[in-house]
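Worksheet: one structure, shown below.
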Amino acid sequence: MSTQNATHRDAKSAKNVETIKMLPIAASKEKKADLLATLEKFKPEPMTAEERISRIPHFEELSKRFRLLKEKANDLKMFTAGNDKTSAKLTFENSQGFKFEIKNANVIDKLVKEAQAELGILLSEANNEILTFEM
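Per my numbering: the sequence shown = residues 1353 to 1487.
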């Protein structure tokens, strides 16, 4: 994790503590103390240099996954852009070599839209994992 991320996290934690301290007087002191204790309990432990370095391969794999998903999403966009709706064909093939072809433009359109939606979800998840990853 970069110094900037650590500073951001520390600032966010300090902001949470200040927010809890500023709760209305109606909030009991016990409730405030409980909330502060919970925040302290889940405060991340500082990592050693070795621990951070050991996380690099995990981050690299997340990066590969993100790049692959981004590439596949781009390939699907290119397929959609080049689809003239008259000569398009989708082929499904399993590991045993069995093939299934679809040439119906309406069915292809529905399958492509569903694939784009699913790829969008996976890409968003991969993006969030990278953005929230702590070295």
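All C-beta atoms, glycine included, are put in the ideal place defined by N, C-alpha and C.
Asked: Beta strand (DSSP E) segment containing Pro-1484, residue limits; Found: Before going further, note that residue 1484 is Thr rather than Pro in the sequence given. Segment 1457-1484 is the alpha helix (DSSP H) holding Thr-1484; no beta strand (DSSP E) there.
Asked: Where Phe-1450 sits in the DSSP three-state scheme; Found: coil
Asked: Whether Ala-1467 touches Arg-1417 by CB criterion (9 Å); Found: no
Asked: According to DSSP, residues forming a beta bridge with Leu-1420; Found: Its beta-bridge partners do not exist; DSSP assigns none.
Asked: Given 8 Å, three or more beta-carbon pairs between the segment 1433-1444 and the segment 1452-1471; Found: yes
Asked: Those residues which DSSP pairs with Glu-1445 across a bridge; Found: Lys-1451
Asked: Where the alpha helix (DSSP H) containing Ser-1439 begins and where it ends; Found: Here Ser-1439 belongs to no alpha helix (DSSP H), and DSSP marks it neither H nor E.
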